[in-house]
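Listed in order, the protein sequences are those of chains A and B.
If you're matching positions, the first sequence starts at 1 in this note's numbering and goes up one per residue.
If you're matching positions, the second sequence starts at 188 in this note's numbering and goes up one per residue.
Quick notes on the structure that follows.
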Amino acid sequence: MDEETWALWRRRAVFLAWVVVGAVIVAAFFVAAFFADFSSIDVGDPGAVLLLVPLLTGLLLGILLTDAEIVVAAGAGVACATLAAAFVAVFLFSPLLAGVAVGSNIFAAFTISRVALSVVLVFPLVVVGSVLGRGVGDMFLPSPRLKRQLEELREETRRWHDALDRLERRQTAEGEVGETEPPERKD
Amino acid sequence: MHPLARILAVAYLALAVVGGFVLVQTSLNYVNVTDINVNIEGKVAVTGVEILWNRSSGVAPIVKVSVTATNPGRIPIEATSVDFHLHMDDPNDVYLWFDNTGLELTRIAPGGITKRVGQGFVIPPGTSRIIEILVPILSQEQMARFDLPDADGRYHPVVWEPRFIYFFVGFDLFNSVFPPPYYEGLGVVPIG
Numbered sequence: 001m002d003e004e005t006w007a008l009w010r011r012r013a014v015f016l017a018w019v020v021v022g023a024v025i026v027a028a029f030f031v032a033a034f035f036a037d038f039s040s041i042d043v044g045d046p047g048a049v050l051l052l053v054p055l056l057t058g059l060l061l062g063i064l065l066t067d068a069e070i071v072v073a074a075g076a077g078v079a080c081a082t083l084a085a086a087f088v089a090v091f092l093f094s095p096l097l098a099g100v101a102v103g104s105n106i107f108a109a110f111t112i113s114r115v116a117l118s119v120v121l122v123f124p125l126v127v128v129g130s131v132l133g134r135g136v137g138d139m140f141l142p143s144p145r146l147k148r149q150l151e152e153l154r155e156e157t158r159r160w161h162d163a164l165d166r167l168e169r170r171q172t173a174e175g176e177v178g179e180t181e182p183p184e185r186k187d
Numbered sequence: 188m189h190p191l192a193r194i195l196a197v198a199y200l201a202l203a204v205v206g207g208f209v210l211v212q213t214s215l216n217y218v219n220v221t222d223i224n225v226n227i228e229g230k231v232a233v234t235g236v237e238i239l240w241n242r243s244s245g246v247a248p249i250v251k252v253s254v255t256a257t258n259p260g261r262i263p264i265e266a267t268s269v270d271f272h273l274h275m276d277d278p279n280d281v282y283l284w285f286d287n288t289g290l291e292l293t294r295i296a297p298g299g300i301t302k303r304v305g306q307g308f309v310i311p312p313g314t315s316r317i318i319e320i321l322v323p324i325l326s327q328e329q330m331a332r333f334d335l336p337d338a339d340g341r342y343h344p345v346v347w348e349p350r351f352i353y354f355f356v357g358f359d360l361f362n363s364v365f366p367p368p369y370y371e372g373l374g375v376v377p378i379g
């Protein structure tokens, strides 16, 4: 495997790791807030937790993906929210998976409605958070690599400007010469 | 990565570790609570009725109702309330013991026991506990409905609509079970 391919897979693995970690955070706090009776920690006001944790997690996810394109950050938000909803579904189906309960229509209705609610609540917040985080990261916390790339870009732009200036000056000088000597006829 | 972003990454990972623990713990709690709620049905029953009464002593009779509860789960539960309606089947009437019209005529008194959370009957996982409830027969009206023995001098008490309320120890969660009604078909001879 060459270095470029290795770097690509490494970036993908890091992306996946951040998405999974974010999903664990979002799902855990959603479950702890929404099913506080079963939780071993007191997360405080459930409403605030349900709204703020997905947003802040998305923000952190976006900041951590500053090196990637903004579309990647948005995609990470979508993946994170989807995975978080899947974790919530696993939690809700855990008695069934553990074999202590049998499925029924009431159980299915309860579970599906809660999973749907988690999707509705979590999805927009995580995605918006990740895009915002990507913007914040780009603005305030760029990585040294990104800084170097930006500097190189600026340098290149400067060089182009200089070249254009030189060209412009030369054309102006040629124009002045042209006023005294008419252009040759091309028959 | 920017140094501040590195710190945020560490915080993000730390939050995930806490989150993972919470998710697993909460799932286990949910499974354990559901396990008991689903499987306690049939594990709580009225298992006996005794009548403590010496007619010649002149002391009011007391009916002792025994409720046996088994914890089928993996976490302890605490029984905080057991209640029911005590009836005495009249062997001379035309109604069966569970007939609604007959039950209106045989009702003696409500019975039960209620404890505060933390002071109830703790039932460890996999064990059974017998809760005894005493119902004194106080008034003349109650006595008239109580003192209806059959030809052999045996009484046939009915424990109607029993209800068992339990909390999960360590949680702010409770549930109710409605065991089947109890009828002493063979009859009870008063002790005392």
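Quick reminder that beta carbons are idealized off the backbone N, C-alpha and C, glycines included.
Taken through DSSP and simplified to helix, strand or coil, B/Asn241 comes out as coil. The residues Thr267, in chain order, have a CB closer than 6 Å to that of B/Lys302 in the same chain once the five nearest residues on each side in sequence are set aside. Around A/Ile63, the beta-carbon contacts reaching into chain B at under 8 Å are Ala192 and Leu195.
According to DSSP, B/Pro344 shares a beta bridge with B/Met275.
Here DSSP, grouped into helix, strand and coil, assigns A/Gly175 to helix. Straight through space, the alpha carbons of A/Ala23 and A/Gly77 are spaced by roughly 9 Å. Along the stretch 2–76 of chain A, the alpha helix (DSSP H) occurs as fully enclosed runs of 4 or more residues at 3–34 and 46–64, listed in sequence order. Around the C-beta of A/Arg134, 16 or more other C-beta atoms lie within 10 Å, and the residue is accordingly described as buried. Going by beta carbons, B/Thr221 and A/Phe38 fall outside the 7 Å limit.
Secondary structure note for A/Ile112: its alpha helix (DSSP H) is the uninterrupted segment Asn105 to Phe140.
Of all residues in the stretch 199–215 of chain B, only Tyr199, Leu200, Leu202, Ala203, Gly206, Gly207, Val209, Leu210, Gln212, Thr213 and Ser214 place a beta-carbon less than 7 Å from a beta-carbon of chain A. Of the candidates B/Val345, B/Ala296, B/Ile378 and B/Pro263, B/Ala296 places its Cα closest to the Cα of B/Gln327.
Interface annotation, B/Tyr217: in contact with chain A, CB-CB separation under 7 Å. B/Thr257 does not reach chain A, its nearest Cβ partner there being about 16 Å away, counting only Cβ pairs nearer than 8 Å.
Cβ proximity to chain B below 7 Å picks out Phe91, Ser94, Pro95, Ala98, Val100 and Ala101 from the stretch 88–115 of chain A. If you draw a straight line from the Cα of A/Ala32 to the Cα of A/Glu152, it comes to about 47 Å. In the DSSP annotation of this structure, B/Pro263 is not part of any beta strand (DSSP E), being labelled neither H nor E. For B/Ile223, the uninterrupted alpha helix (DSSP H) run begins and ends at Pro190 to Asn226, by DSSP.
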